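K.L.:
Here's a structure for you.
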Amino acid sequence: MKWTTEQERAIATRHKNLLVSAAAGSGKTALLIERIRRMVVDEQIPVDSLLILTFTRAAAGEMKERLTAAFTESLRQTDPQDRERVHWLVEQMQILPTASIDTFDAFCSRVVREYFQEVDVDPDYRIGDATELTMLYTQAQDEVFEAAYQQIPEDGGTAFSRLVDCYTTARGDQGLKDQVERLRHFLNALADPEAWCRDAIADLKQSGRDFEHSKWYEVLASKCAEDLSAAEAELDQGLSIIEGDADFVKTEAQLKAEKAMVEGIHRTLDTEDWSTFRAALMAADYDRYKGSRKNKEDSDRVKAHRNRAKDIVKKGLQADLAQDPEDEQAEVEAMAEVMTDLIALTKAVEDRFTALKRERGLLDFADVDRYAYRILKEPNIAKTFQENYEAVFVDEYQDTNALQEGIIAQILRPDNYFMVGDVKQSIYRFRQADPSIFIDKYNAYATDGGGINQLITLGKNFRSDKGVVDSVNALFERIMSPAFGQIAYDDKARLVQGAESAGPAAPPVVRIFEAPSGDRLEKEGAWIANQIDRSVGQPITIAKTGETRNLRYRDIAILMRSTGDGRGEQIAQMLSDKGIPAYYEGGASYFSTPEIEWVLDLIRIVDNYRQDMPLMTVMLSPIGGFSADEMAQIRIAGEDKTFYECVDAVSAQGTPLGMKVKRWLGQLGKWRTLAYGAEVSDFLWQLYTETGFYIWAGSLPGGAQRQKNLDALIDKAQDYQSSTLHGIFRFVDYVEQVQKRTDGSEAPGILSENDDVVRIMTIHKSKGLEFPVVFLADTAHQFNQTDSTASIILDKDLGISPEYIDGEKRIRRKTMVHQIAAYKNKMDNLAEEMRLLYVAMTRAMERLVITGGVSNLEKAEKKWDNPCDVSRLKACRSPLDWIMLALYSPNSAGGADSAAFKIITGGDEEAETPADVRPAAPEAACSEEDLAEIDRRMAWRYPKKSGRRLPSKISVTEVEALRQQDHPREKIVERQPVPDFLRGAEDQPPAFTAAELGTGVHTVLRHLNLEKLREIPDDEMQAVVKTEGETMAERGQIDEALFEATIKNGGLAHAAAFMTSDLGRRMAAASRVEREWPFDLEMPSEKIAPDLAEPSVLLQGMIDCCFLEERGGEKGWILLDYKTDRWQNREIGRQKSVQKYKTQIEIYRQALEALTPYPVWESYLCFLTMETCIKIG
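Residues in the sequence shown are numbered from 1 upward in steps of one, following the UniProt record's numbering.
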């Protein structure tokens, strides 16, 4: 592979800490593999002295597979005579499966198991099942809360009761439990949560006393500066419209005065203290707008800019700073005490949770990571790891958190850290990923090659067509910046096209629909379905590979920010209505499917059938087999009774229905007895088979998926069985907990990557994938800012920022620290949304189509037709707003101010065909001549259709049999030696066939070290060949028993005799020798046999040996074919053998000349047993 300059630098640089910022499609994984390969193969650094960390087991497994392939290829290219290098590579390949190529969690688990005594952990601990741990945590939380409730005096209060007053409602205390869980989840990602909590409380208490030097002030001052600059820019835009216009003299004076006022406030922020700045800001006031009646159009435009500037100051900054932090100091200090109580409660729950886990020998991943950090903080232990690992690699570095970075920091040497990732693709903030870790290094590391810390940027995108690359650059250079997006989209961040386009780039299409909010997605789905229907089957060229073929359904993905609330299912339905096969990843919980609900309800009534709803559900299901009429008859048996009482009453009757109910209750009793003794998975399978329910489910529409759902329930049962929970009846509680977890209840997939269907998935699930055609749908879906509205904002830098709550007086209001933290949280969320948009767009290889809808297109267009500045970008509520604010230009070609996009709004969506989706060719009537030609061609038959049929491949040894009008001989399957552990002590060594003994001689000749044999005298040759053979047996290149049999049969002596012959000496002296060289050769069938049906045959064979000789500056092959035939009569034997094998050696000659640039000068049949070589041709 040819590497770019930047890639080669990232691969070859040593003894530096390298941060490789690898843009989408830049080949970072291939680069990482090559760097490791060179270190192991070329520099002979043991693979087990490298620590390679990633975030998923799939990624770690893929890395091992790719390294195995890389090492195998290096071994294949290694000269077999270089025994030291061969031994090294074989050794590394043996080590590779156990090398330190792990997820963070797996590495930490290894550390804890090795040094368990340092943290007082049972070395036989088990990582708990997620649902089991959730149930234990709920138990711990309930126990701690119950004990705290018991300690509240009747006439007083406690710390816990204050929390209850603040964060519970009349409906219960779930609000407080949620706060505890949020804080716990946040703290688990910190390297030192206890220190963070201490600092957070101390900072909160001091926030009002010394606000100007607090962390919150830094954020607020930055926001104020940005907002004041935005207000100045708005006034400048208004002035640019009217400056020097006689109709706007008063307006111009007013705007200039207001701009001077804003600039003065801005200067105060930069030069004066907080109190002076706040006073200047709060004093700002605005007169009534002085427009012009003579030019109303321009007057309205100026007014819009002036009003926006005014709103930034009045409705924004003045409203935000209305409360002085010093004035609310008492309230914040009171909340600091409440936060101290919340931290203590969270710790109490965590301690009880830890105790419950210890009782069961369990840990969770958070425990493992935290314990590993504590262990590695011990200097002697850390030094051991530093000495063991020559280099540390982290893939997807943008997804690390503070705790993971802290763990790695303990085991690093000063110059052996290799980090690769792309901060623009950091989209896992909800999992506590911290992109600021990457950004800090990105901004600090040198790019000029000097210093120990180096930044290398990979901008070349080898995935996408020029149209996609240009569109990504055109959009993100307008919207992504350090002020909004956390990173500059500059020359270091821009994509550079690496794959060559086959033709002119097709600009991505942005399609906007106008429809009520409830109908937008339906319109989008119908339009997307129409475009897919027109596109599939049309030619497409993949720039990455250069391949041109017809577009298939599986080449297409529909990506959405969220597929919940039925959004993904709605798109899938629109495709289904058009007859387009589609698969929706992220559908409803499979627990809500009828077949699973019936089974779970059956378990409920097996436990206790006195539950009306489950009982009725199961009886009406195929499991119960009762009809609606029968259920009605049962119900009317008792007007004032519960349904199960009616069932009891009917079962006592002697009617046919009563007998049926009695049998049903008897079956429930049998199942109840079985349930007490059987494993849950066995019980479920018996239910499936006894009732015929599994087969019935498979016979329904979507039967494969239904059966997969039932199989998945058994998988959940096996997970349950491996936990510390027991009993069929607790299994239902277990399943209910699984249902609450979004990562455990999605329907199991029945597709493979080769199924020809359109994928519908979230952007998060598309990470790491690529598709020739991508539809980015539902882009008008609003950003989720729920975190920013929480009553307590948790932030790594700002600490804890609560609202003020007086539980007794039921007063709740914003505090300055809360408002600032909420703003920062919102900006962090929007930065993540921007990165999600980047990930979505860079999944496209060839074509990208973006769709979205608005309720009022005219109003939206006015909003979009404005300058794309940071202030407006912050105010956007959806990705579509960003795209349109950055690109919309109604008077430009294509509706965009960049040739990289085409924007379509309104119009007839059924009739249109976007430029990047080629329409199917229109139908045309056929002439009589065309129809006749079609008939003639369709009537054509292969001339040899009745001839003999062959497999797709045949071996060279079968050719002669075909020529003799015989069936190809059956292949001899070489007998495999019996392993020692299966061979009894009394077993005799196996007897080998003549063919197997011949294979033994071939094997010896294949692996001989020819260079070593060149100078060996004839009388010593046999001893040296025997020694070589013994070495082969030790290496496992030949079976020991077969080698011994070869010696006894004289095969080894024959091989030695051949090596002393003139031909053997020529072979040993040759500069290039190929042994057992496989080949495939297509040959016209008439050259093999005249009556074969196929026009050509693919021959498969293996050349025993060939070597190059040079004569007069030219090179040619000497071809050898080994035979172990024995002859009674040498002359007759020679003639028959030559006749028998001449076809084979002629095919070998043709193959050798076809597959190499050299001619075959001489061909020999080497009859080793007879110690004779016969030249052919």
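Think of the CB as a built atom: it goes at the ideal place given N, C-alpha and C, for glycine as much as any other residue.
For clarity, every value in this text was computed on a predicted model and none was experimentally measured.
Could you give the distance in angstroms between the alpha-carbon of Asn825 and the alpha-carbon of Asp795?
P.N.:
Counted from its first residue, the sequence shown places residue 825 at position 825. Counted from its first residue, the sequence shown places residue 795 at position 795. Between Asn825 and Asp795, the C-alpha separation is close to 8 Å.
K.L.:
Between Phe277, Asp247, Gly238, Trp274, which has its C-alpha nearest Glu258's C-alpha?
P.N.:
One-based indexing of the sequence shown puts residue 258 at position 258. Answer by Cα proximity: Gly238.
K.L.:
Are three or more beta carbon pairs between the region 849-858 and the region 519-527 nearer than 8 Å?
P.N.:
The region 849-858, when compared against the region 519-527, does touch it at the 8 Å Cβ threshold.
K.L.:
Quickly, what does DSSP pair Glu1114 with across the bridge? List them, please.
P.N.:
Counted from its first residue, the sequence shown places residue 1114 at position 1114. Note: Glu1114 sits in a beta bridge opposite Arg1111.
K.L.:
Note down, in chain order, each residue of its chain lying with its Cβ closer than 8 Å to the Cβ of Gly698, except the 5 sequence neighbours on either side.
P.N.:
Reading the sequence shown from its first residue, position 698 is the one you call residue 698. Excluding sequence neighbours, Gly698 sits near Ala704, Arg706, Gln707.
K.L.:
Given a cut-off of 8 Å, decide if Leu356 and Gln139 are closer than it, judged by their beta-carbon atoms.
P.N.:
Numbered from its first residue, the sequence shown carries residue 139 at position 139. Numbered from its first residue, the sequence shown carries residue 356 at position 356. A contact, by the Cβ cut-off of 8 Å.
K.L.:
Rounding to the nearest angstrom, what Cα-Cα distance links Tyr1122 and Tyr1164 in this structure?
P.N.:
As a first step, residue 1122 is located in the sequence shown; it is residue number 1122 there, counting from the start. As a first step, residue 1164 is located in the sequence shown; it is residue number 1164 there, counting from the start. Answer to the nearest angstrom: the Cα atoms are 9 Å apart.
K.L.:
How big is the Cα-Cα spacing for Cys1106 and Arg1075?
P.N.:
Position 1106 of the sequence shown holds residue 1106. Position 1075 of the sequence shown holds residue 1075. Distance between the alpha carbons of Cys1106 and Arg1075 is about 7 Å.
K.L.:
Taking the straight line between their C-alpha atoms, what separation do you get for Tyr1148 and Phe1058?
P.N.:
For the purposes of this step, residue 1148 is identified with residue 1148 of the sequence shown, where counting begins at 1. For the purposes of this step, residue 1058 is identified with residue 1058 of the sequence shown, where counting begins at 1. Answer to the nearest angstrom: the Cα atoms are 21 Å apart.
K.L.:
If we ignore side chains and look at the alpha-carbon of each, how far apart do Ala899 and Leu857 end up?
P.N.:
Locating residue 899 in the sequence shown gives position 899, where the first residue counts as 1. Locating residue 857 in the sequence shown gives position 857, where the first residue counts as 1. Computed Cα separation, rounded: 23 Å.
K.L.:
Between which two residues does the alpha helix (DSSP H) containing Phe277 stretch?
P.N.:
For the purposes of this step, residue 277 is taken as residue 277 along the sequence shown, with counting starting at 1. Run containing Phe277: 274-283, per the alpha helix (DSSP H) assignment.
K.L.:
From which residue to which residue does the beta strand (DSSP E) around Ser1163 run?
P.N.:
To locate residue 1163, count along the sequence shown from 1; it is residue 1163. 1160-1167 is the span of the beta strand (DSSP E), which, as asked, contains Ser1163.
K.L.:
Considering only the beta carbon of each residue, do Val849 and Gln531 sit closer than 8 Å?
P.N.:
Taking the first residue of the sequence shown as 1, we reach residue 849 at position 849. Taking the first residue of the sequence shown as 1, we reach residue 531 at position 531. Their beta carbons are under 8 Å apart, which means Val849 touches Gln531 by this criterion.
K.L.:
Can you check which of these residues, Ala10, Ala202, Val758, Gly537, is closest to Glu333 by C-alpha distance?
P.N.:
Position 333 of the sequence shown, counted from the start, is the residue given in the question as residue 333. Here the closest residue by C-alpha is Ala202.
K.L.:
Going by other Cβ atoms of all chains shown within 10 Å of its Cβ, with 16 needed for buried, is Leu931 buried or exposed?
P.N.:
Indexing the sequence shown from 1 puts residue 931 at position 931. With fewer than 16 Cβ atoms within 10 Å of its Cβ, Leu931 is classed as exposed.
K.L.:
Taking 6 Å as the limit between beta carbons, can you name the residues of its chain near Glu62, skipping five residues before and five after?
P.N.:
Indexing the sequence shown from 1 puts residue 62 at position 62. If we look at Glu62 and ignore the five residues flanking it on each side, it has no Cβ neighbours.
K.L.:
Curious, which full-length alpha helix (DSSP H) runs of at least 4 residues does the region 463-519 contain?
P.N.:
Runs of the alpha helix (DSSP H) inside the region 463-519: 466-479.
K.L.:
Considering Cα atoms alone, identify which of Met827, Glu569, Val647, Lys16 is closest to Pro482.
P.N.:
Counted from its first residue, the sequence shown places residue 482 at position 482. Taking only the C-alpha atoms, the option nearest Pro482 is Met827.
K.L.:
Comparing C-alpha positions only, which one of Asp629, Trp3, Gln785, Ala30 sits nearest to Arg877?
P.N.:
Along the sequence shown, read from residue 1 onward, the residue named residue 877 stands at position 877. Taking only the C-alpha atoms, the option nearest Arg877 is Gln785.
K.L.:
Near Ile456, what residues of its chain come up, given a Cβ to Cβ distance below 8 Å and the 5 sequence neighbours on each side ignored?
P.N.:
Looking up residue 456 in the sequence shown gives position 456. Glu6, Arg9, Ala10, Thr13, Leu18, Leu19, Val20, Ser21, Thr447, listed in sequence order.
K.L.:
Where Tyr442 and Lys2 are concerned, what is the direct C-alpha to C-alpha distance, given to the nearest angstrom?
P.N.:
On the sequence shown, residue 442 is found 442 positions in, with the first residue counted as 1. On the sequence shown, residue 2 is found 2 positions in, with the first residue counted as 1. Distance between the alpha carbons of Tyr442 and Lys2 is about 26 Å.
K.L.:
How is the beta strand (DSSP E) around residue 1178 delimited, first residue to last?
P.N.:
Because residue 1178 is not part of the residues shown, which for the chain are 1 to 1177, the question remains open.
K.L.:
Looking only at its own chain, which residues have a Cβ that is under 8 Å from the Cβ of Tyr888, when we skip the five neighbours before and after it?
P.N.:
Residue numbering aside, residue 888 sits at position 888 when the sequence shown is read from its first letter. These residues qualify, in order along the chain: Glu861, Trp864, Asp865, Gly895, Ala896, Asp897, Ile903.
K.L.:
Return helix, strand or coil for Pro922, following the three-state DSSP convention.
P.N.:
To locate residue 922, count along the sequence shown from 1; it is residue 922. Because the pLDDT of Pro922 is 45, which lies under 50, any placement of that residue in the model is unreliable, and the question is left without a value.
K.L.:
With distances taken from CA atoms, which of Glu359, Phe107, Val774, Thr999 is nearest residue 1181?
P.N.:
The chain is shown from 1 up to 1177; residue 1181 falls before or after that span and cannot be answered.
K.L.:
In its own chain, which residues sit with a C-beta less than 8 Å from the C-beta of Glu630, not counting the 5 before and 5 after it?
P.N.:
Within the sequence shown, numbered from 1, the residue matching residue 630 stands at position 630. Contacts found: Leu657, Lys660.
K.L.:
Using the Cβ count rule (16 or more neighbours within 10 Å means buried), how would you classify Tyr676?
P.N.:
Reading the sequence shown from its first residue, position 676 is the one you call residue 676. Exposed, because fewer than 16 other Cβ atoms sit within 10 Å of the Cβ of Tyr676.
K.L.:
If you run the structure through DSSP and keep just helix, strand and coil, what is Gln1100?
P.N.:
Taking the sequence shown and counting its residues from 1, the one referred to as residue 1100 is at position 1100. Correct three-state label for Gln1100: strand.
K.L.:
Would DSSP call Phe693 helix, strand or coil?
P.N.:
For the purposes of this step, residue 693 is taken as residue 693 along the sequence shown, with counting starting at 1. In the structure shown, Phe693 sits in a helix (DSSP, three-state: H, G or I).
K.L.:
Closest by CA to Val757, which one among Leu551, Ile811, Ser651, Ala191?
P.N.:
Working through the sequence shown from its first residue, we reach residue 757 at position 757. Nearest option by C-alpha distance: Leu551.
K.L.:
Give the single residue among Val510, Leu776, Thr268, Lys294 whose Cα lies nearest to the Cα of residue 1178.
P.N.:
A query on residue 1178 cannot be resolved here, the shown segment of the chain reaching from 1 to 1177 and no further.
K.L.:
Which of helix, strand or coil does DSSP assign to Val392?
P.N.:
Sequence index remark: in the sequence shown, residue 392 carries index 392 (1-based). Strand, per DSSP.
K.L.:
So, helix, strand or coil for Tyr286, using DSSP?
P.N.:
The residue you call residue 286 lines up with position 286 of the sequence shown. Three-state result, Tyr286: coil.
K.L.:
What does a CB cutoff of less than 7 Å around Leu1042 pick up in its chain, not counting 5 residues either side in sequence?
P.N.:
For the purposes of this step, residue 1042 is taken as residue 1042 along the sequence shown, with counting starting at 1. Answer for Leu1042: Pro977, Phe992, Glu996, Gly1000, listed in chain order.
K.L.:
Following the continuous beta strand (DSSP E) through Phe442, name the residue where it begins and the one where it ends.
P.N.:
Numbered from its first residue, the sequence shown carries residue 442 at position 442. For the sequence presented, residue 442 should be read as Tyr rather than Phe. That residue, Tyr442, is in no beta strand (DSSP E); its alpha helix (DSSP H) goes 435-444.
K.L.:
How many Å lie between Leu475 and Thr251 at the Cα?
P.N.:
Within the sequence shown, numbered from 1, the residue matching residue 475 stands at position 475. Within the sequence shown, numbered from 1, the residue matching residue 251 stands at position 251. Roughly 35 Å between the two C-alpha positions.
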